[in-house]
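What follows is a short report on a single structure.
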Amino acid sequence: MTTNPSILTAILVGASTIAFENLFLVKKKRFTGSSRANRRISRFAKKQLLVHGLPRAIRHGVRVVLVDPKGTTSSAEHREAMLKHGLDKHTASAYLIALKGLVTESHKLP
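Residue numbers (this note's numbering): 13 to 122.
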């Protein structure tokens, strides 16, 4: 069984927590009127991604945090990260999700 490169990288750099987008909160088909959007949503295997990614991370001893992805691409922080650090929109979104995960974890710690 192969392990996701993201999980292996997290282990190699000594990360104790990994943040995943909570894909169950992402739009469902019934909320859009666009046939193109409906097709893309139904083709994307949200459940399989979480069902396979989460147990592997846990199996390797990495704590998992599910983060609401809402507002990661349409926020001032996203635009600022893109302009300031020269990141593309996907990398900037990944950093913002990781930041949300850190904030979530810091509120849970005693």
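Think of the CB as a built atom: it goes at the ideal place given N, C-alpha and C, for glycine as much as any other residue.
Residue burial classification, residue i (beta-carbon count within 10 angstroms, cutoff 16)
i	result
residue 105	buried
residue 6	The structure shown has nothing for residue 6, since the chain only spans 13 to 122.
residue 69	buried
residue 25	exposed
residue 103	exposed
Bridge partner(s) assigned by DSSP for residue i
i	result
residue 117	For residue 117, which the question treats as bridged, DSSP gives no partner whatsoever.
residue 30	76
Segment limits, alpha helix (DSSP H) that includes residue i
i	result
residue 81	That residue, residue 81, is in no alpha helix (DSSP H); it is neither H nor E in DSSP.
residue 35	Unbroken run through residue 35: none, as it is neither H nor E.
residue 99	No alpha helix (DSSP H) contains residue 99, which DSSP labels as neither H nor E.
residue 18	17-24
Contact check, residue i vs residue j, beta carbons under 8 Å
i	j	result
residue 76	residue 117	no
residue 4	residue 113	A question about residue 4 goes unanswered here, because the residues of the chain that appear run from 13 up to 122.
residue 72	residue 109	no
residue 82	residue 37	yes
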